[in-house]
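Numbering (the working numbering), first residue to last: 188 to 630.
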Ligand code: FES
Ligand SMILES: [Fe+2]
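Set out below in structure tokens:
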């Protein structure tokens, strides 16, 4: 059971809040690298409720800073991105990507004091096609977590951003609430008609799995287990990684999928999803899912269509189908089995999470054994954030990125009765090497 006070602590992310200060201590994805061009006008960006600008200078370096000029607080959004820095439109002061003042042209030479003024710039780094920002208190930021989806070179098309009009935590909880798959997403599907090799088959046939959960060094993890074929069990795994990452099971097998969702708070009421599927192996991929006899499974393969981008603080990556048009739901399809008539997995999740109100009132809930992962993840986050508030301590994985080595989401069929953590450890060892998954921290 969660109290109103705990709910507030879990959800609020502004400066000075318990969760907001905790989350700022982690590298946070802010934009796709391709969203910023050299010397192009700055982009308005909101993270954790802070109004920022982002720009790429003439040398290709990225700056992310408070949008207010440190002179008299005019918005640098109206500044000019030129020759290695941004020049404020009000009196022409100029700042580089690190916030250093390069010019104060409205002051006589004897009165200039560039060393005494800095814009409120954050540390930035680019990796795997994404721009990350560190908004925490350390002078030297921590290393990036060793998450497979954030390492290596991939095409842009393996990341999809979408804005969701609800609090980050209820959006994230959708990713670890595995039992909804057989209803919201696959309610109208005939499981028996799916091929035995299709991991979704067991999810659709048995809609009430056993949920196994544990804390880990990187956060929490679960398996949803069900009987599969003769003498076999099916496990569906996902990991939550501090502070907002989830290796979701996107339809790929546990030994192959490279999936990661980042649930990044724009403010208390809006979230930017960084959906990373490096192999694009999910049922929502472009070919969709098919039955054994070749018929397509209806309603899964539907990429999100976006509204035109605007320069508003929240003008990027908004879905065309939204609450104002009931997500273009198809009531006829509901008669054929769909639970919502809304097409496409991402949009189905979006509609449900936004329908809970911008911040869900968790004191109204009645949770069951299907919600064990949701409960554990809330508790783990609350405990970690309060430990940081009270003692300044962060989870060990912040400074030991290798503790994230053995994380993945996906499905696997194994011999009946095999321990779920034994299964996971074996696959992670084969995939990432010995000790990639620290079992001792999971029990
Ligand atoms: S407010 Fe920016 S230069 Fe004066
Ligand atoms: Fe979902």
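From the three backbone atoms N, C-alpha and C, an ideal C-beta is built for every residue, glycine too.
Pick helix, strand or coil for residue 234, following the three-state DSSP scheme. Residue 234 sits at position 47 when you count from the first residue of the chain shown. Strand.
On a CA-only basis, which of 571, 461, 618, 247 is nearest residue 444? Give me that one, please. Here residue 444 refers to the residue found at position 257 of the chain shown. Nearest to residue 444 by C-alpha distance, out of 571, 461, 618, 247, is 618.
To which residues of the same chain is residue 433 closer than 8 angstroms at the C-beta, ignoring the five residues directly before and after it? Residue numbering aside, residue 433 sits at position 246 when the chain shown is read from its first letter. 359, 362, 363, 425, 426, 427, 447, 448, 450, 596, listed in sequence order.
So the beta strand (DSSP E) residue 413 belongs to, where does it begin and stop? Counting from 1 along the chain shown, the entry for residue 413 is found at position 226. It spans 406-414 - the beta strand (DSSP E) in which residue 413 sits, taken as one unbroken run.
Are the segment 202-220 and the segment 259-267 in contact at 8 angstroms, needing three or more beta carbon pairs? Counting Cβ pairs under 8 angstroms, fewer than three are found: no touch.
Would you mind listing the beta strand (DSSP E) stretches within the segment 438-492 that are 3+ residues and don't spill past its ends, in chain order? The qualifying runs are 446-454, 457-464.
Following a CB-centred definition, is residue 398 positioned closer than 8 angstroms to any heavy atom of ligand 2? In the chain shown, counting from the first residue as 1, residue 398 sits at position 211. False, no ligand heavy atom lies under 8 angstroms from that Cβ.
Excluding the 5 residues flanking residue 429 on each side, which residues of the same chain have their C-beta closer than 6 angstroms to its C-beta? Within the chain shown, residue 429 is the residue found at index 242, counting from 1. These residues qualify, in order along the chain: 406, 582.
Below 8 angstroms, is the gap between the Cβ of residue 520 and the nearest heavy atom of ligand 1? For this step, residue 520 is matched to residue 333 along the chain shown. Distance from the C-beta of residue 520 to the nearest heavy atom of ligand 1 is not below 8 angstroms.
Is it the case that the CB of residue 293 approaches a heavy atom of ligand 1 more closely than 8 angstroms? Mapped onto the chain shown, residue 293 falls at position 106. Checking every heavy atom of ligand 1 against the Cβ of residue 293, one is found closer than 8 angstroms.
Spatially closest choice to residue 452 from 546, 612, 225, 264, by CA coordinates: In the chain shown, residue 452 corresponds to position 265, counting from 1. Comparing Cα-Cα distances from residue 452 to each of 546, 612, 225, 264, the minimum goes to 546.
Note the first and the last residue of the continuous alpha helix (DSSP H) segment covering residue 631. Past the boundaries of the shown model lies residue 631; the chain is included only from 188 to 630, so the question cannot be answered.
Of the residues 404, 535, 392, the one placed nearest residue 624, counting alpha carbons only: For the purposes of this step, residue 624 is identified with residue 437 of the chain shown, where counting begins at 1. Of the candidates 404, 535, 392, the residue whose Cα lies closest to the Cα of residue 624 is 404.
Alpha-carbon spacing of residue 273 relative to residue 284, whole angstroms: Translated into the one-based positions of the chain shown, residue 273 becomes position 86. Translated into the one-based positions of the chain shown, residue 284 becomes position 97. Going by the C-alpha atoms only, they are around 8 angstroms apart.
May I ask you to report which of helix, strand or coil DSSP gives residue 395? Here residue 395 refers to the residue found at position 208 when the chain shown is read from its first residue. It is coil, neither helix nor strand.
Which residues DSSP lists as bridging residue 425, in chain order: Within the chain shown, the letter at position 238 stands for residue 425. Residue 425 is bridged to 409.
Cβ neighbour criterion (16 or more within 10 Å) applied to residue 524: As a first step, residue 524 is located in the chain shown; it is residue number 337 there, counting from the start. Per the 10 Å Cβ criterion, exposed.
Option in 244, 355, 300 with minimal Cα separation from residue 311: By one-based count along the chain shown, residue 311 stands at place 124. Out of 244, 355, 300, 244 has the C-alpha closest to the C-alpha of residue 311.
Report the partner residues of residue 402 according to the DSSP bridge assignment. Taking the chain shown and counting its residues from 1, the one referred to as residue 402 is at position 215. For residue 402, which the question treats as bridged, DSSP gives the partners 407.
Backbone secondary structure at residue 531 - three-state DSSP: As a position in the chain shown, residue 531 is number 344, starting the count at 1. In the three-state DSSP reduction, residue 531 falls in the coil class, being neither helix nor strand.
Considering only the alpha carbon of each residue, which of 203, 350, 276 lies closest to residue 508? In the chain shown, residue 508 corresponds to position 321, counting from 1. Distance check between residue 508 and each of 203, 350, 276 places 350 closest, using alpha-carbon atoms only.
For residue 601 and residue 419, which I take to be in contact (beta-carbon distance under 8 angstroms), what is that distance rounded to the nearest angstrom? Within the chain shown, numbered from 1, the residue matching residue 601 stands at position 414. Within the chain shown, numbered from 1, the residue matching residue 419 stands at position 232. About 7 angstroms separates the beta carbon of residue 601 from that of residue 419, a gap short enough to meet the 8 angstroms contact definition.
So, are the CB atoms of residue 529 and residue 516 less than 9 angstroms apart? As a position in the chain shown, residue 529 is number 342, starting the count at 1. As a position in the chain shown, residue 516 is number 329, starting the count at 1. With contacts defined by Cβ atoms closer than 9 angstroms, residue 529 and residue 516 form a contacting pair.
Please work out which residues of its chain come closer than 6 angstroms, Cβ to Cβ, to residue 573, disregarding the five sequence neighbours upstream and downstream, and give them in chain order. Counting from 1 along the chain shown, the entry for residue 573 is found at position 386. Non-local beta-carbon contacts of residue 573 in its own chain, meaning distances under 6 angstroms to residues more than five positions away in sequence, are absent.
Just checking residue 486 against ligand 2 - is the residue's beta carbon closer than 8 angstroms to any of the ligand's heavy atoms? Here residue 486 is taken as the residue at index 299 of the chain shown, counted from 1. If you check the C-beta of residue 486 against ligand 2, you find no heavy atom less than 8 angstroms away.
Residue 247 versus 266, 271, 442, residue with shortest Cα-Cα distance: Residue 247 sits at position 60 when you count from the first residue of the chain shown. Of the listed residues, the one whose Cα sits closest to residue 247 is 271.
Is there contact here, the segment 600-615 with the segment 454-462, by at least three beta-carbon pairs under 8 angstroms? By the criterion of at least three beta-carbon pairs nearer than 8 angstroms, the segment 600-615 is not in contact with the segment 454-462.
Helix, strand or coil: which one does DSSP assign to residue 338? On the chain shown, position 151 is the one that residue 338 refers to. Coil, per DSSP.
CA nearest to the CA of residue 195, picked from 413, 478, 550: For the purposes of this step, residue 195 is taken as the residue at position 8 of the chain shown. Closest by alpha carbon: 550.
Take residue 641 and list the residues in its own chain whose beta-carbon comes closer than 6 angstroms to its own, dropping the five residues that flank it on each side. The shown model of the chain, from 188 to 630, leaves out residue 641, and the question about it has no answer.
Using only the heavy atoms of ligand 1, determine whether one of them is closer than 8 angstroms to the beta carbon of residue 166. The question about residue 166 has no answer here: the residues shown for the chain are numbered 188 through 630.
Measuring from the CB of residue 466, is there a heavy atom of ligand 2 at a distance below 8 angstroms? Position 279 of the chain shown, counted from the first residue, corresponds to residue 466. Checking every heavy atom of ligand 2 against the Cβ of residue 466, none is found closer than 8 angstroms.
Using DSSP bridges, identify the partner residues of residue 311. By one-based count along the chain shown, residue 311 stands at place 124. Under the DSSP definition of a beta bridge, residue 311 partners with 320.
Taking only runs that begin and end inside the segment 207-261, name each unbroken beta strand (DSSP E) of 3 or more residues, in chain order. For the segment 207-261, whole beta strand (DSSP E) runs of length 3 or above, ordered along the chain, are 215-219, 230-234, 237-243, 249-253.
Pick helix, strand or coil for residue 613, following the three-state DSSP scheme. Residue mapping note: residue 613 aligns to position 426 of the chain shown, counting from 1. Correct three-state label for residue 613: helix.
Buried or exposed for residue 473, going by 16 or more other Cβ atoms inside 10 Å? Residue 473 sits at position 286 when you count from the first residue of the chain shown. Confidence at residue 473 is low in this model, with a pLDDT of 47, below 50, so its placement is unreliable and no value can be given for it.
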